[in-house]
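Residue numbers (this note's numbering): 50 to 182.
The C-beta atom is built at its ideal place from N, Cα and C for all residues, glycine as well.
Structure, as structure tokens:
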């Protein structure tokens, strides 16, 4: 069987890496992400995992929005991250740190703007932001 060319880390792996609250799991996560950072391993970080990480880190661990966003943005910039939507996710996390929006709304705004699409929403504040994007 052929070795996969890339890995898809889950929320637990990313949280262990960022929080380090379980020494054994954190050590494995650090080893994995060190290799991704250097480009020795390829990783695809799914949008849904980013959203769940934001929720877990802000709601369960009570980490500040700006710190969560900065940590995830740094990770998305690792050499081995192969996301085609990397810039859109970075834009969404930047919006998340700057505005009082939930991460899903930030992803919607970033992806619609990047693709030149119109965001269809009944949320007046979100619509105003989308019109400015």
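Asked, Found
"Is the CB of residue 117 under 9 Å away from at least one CB in chain C?", "The structure shown has no chain C; it contains just one protein chain."
"Tell me the rounded alpha-carbon separation between residue 141 and residue 159.", "5 Å"
"Which one of 62, 157, 161 and 90 has the shortest CA to CA distance from residue 55?", "90"
"Per DSSP, residue 130 forms a beta bridge with which residues?", "92"
"Tell me, please, which residues DSSP counts as bridged to residue 80.", "Per DSSP, none; premise fails for residue 80."
"Taking just the CA atoms, how far does residue 126 sit from residue 132?", "10 Å"
"Select from 74, 173, 137 and 171 the residue whose C-alpha is nearest the C-alpha of residue 161.", "137"
"For residue 87, which of 167, 123, 150 and 165 has the nearest alpha-carbon?", "123"
"Quick one: what's got a C-beta closer than 8 Å to residue 60's C-beta in the same chain, skipping five residues either side?", "98, 101, 102 and 105"
"Quick one: residues in its chain with C-beta nearer than 6 Å to the C-beta of residue 146, no 5 flanking neighbours on either side, listed in chain order?", "114, 115 and 118"
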